[in-house]
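Residues 1 to 177, numbered by UniProt numbering, are exactly what the sequence shown covers, in order. We put the CB at the ideal spot given by N, CA and C, even for glycine. Data first, discussion second: the structure below is written as structure tokens.
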Amino acid sequence: MEDQLETEIDGDRDRSIEMEMNRVKANAGTLTNFEVLDFLQSRGAAKDSARIIVFDYLEQSAACNQTRERITEFVKKCKKYNLAKAEILNIINIRPSSVVEIDPIIEECESRLGDSVEELVELVAEVLPAPPTQTESDDAGFEDKQEIPDGATNGNQLTPYCSVELETCYKDLEGIR
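See the structure below:
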């Protein structure tokens, strides 16, 4: 009788732990493009076509040249701007190089940041490396004649197909966080 009670308690405890783990996985949070690229590199992007498409996109984005150290440094340095996590994530993923590019990322940008928005753009250029297709002349506002994948702008925006497929990768990533 006592053994049966212990087995039931252990079973309840196991189910409770499993439910808690699933809840934690569901709240794993958002990922930067760098984290997705890192995951795909570690797990092998060639396993299915969706991963290959996302991997190819990320290889042409700023994520290709980013490191955990650079991202951490950027997050620390931009704390003084009181940006939301989603705004920081978008800045890391998009890597805006001008006020015009950063304005739609930050809600009420002009009223919240005022003149310091230029400072933030400089911080992005200083800390976050440029994507492989973006040259120094692009940072100065000049267009370089480069082939841009269908549906992308300067390699910074996902095509609709890739954004749907990226959700598949996010689900895979939930298991490792």
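Take residue 113, set aside five residues on each side of it, and the residues of its chain with a beta-carbon closer than 7 Å to its own are 81, 106 and 120, in chain order. For residue 97 and residue 68, the gap between their C-alpha atoms comes out near 20 Å. Linking residue 128 to residue 104 through their CA atoms gives a straight-line distance of about 19 Å.
Nearest neighbour of residue 64 by Cα position, chosen from 88, 50 and 92, turns out to be 92. Taken through DSSP and simplified to helix, strand or coil, residue 109 comes out as helix. With respect to the C-alpha of residue 32, the residue from 87, 50 and 115 having the closest C-alpha is 87.
Around the beta carbon of residue 131, 16 or more other beta carbons sit within 10 angstroms, so the residue counts as buried. Counted as a single uninterrupted DSSP element, the alpha helix (DSSP H) harbouring residue 38 occupies residues 33 to 43.
Look at residue 116 here: in three-state DSSP terms it is helix.
By the neighbour-count definition (other C-beta atoms within 10 Å, threshold 16), residue 60 is a buried residue. C-alpha of residue 111 to C-alpha of residue 41: approximately 40 Å in a straight line.
Close CB contacts of residue 90 within its chain, under the 6 Å cut and outside five residues either way in sequence, are with 105 (chain order). The Cβ atoms of residue 74 and residue 124 lie closer than 9 Å to each other. With 16 or more other CB atoms across the displayed protein chains lying within 10 angstroms of its CB, residue 35 is buried. Judged by DSSP in its simplified three-state form, residue 72 adopts helix. Taking residue 95 as reference, the option from 30, 108 and 70 with the minimal CA-CA separation is 70.
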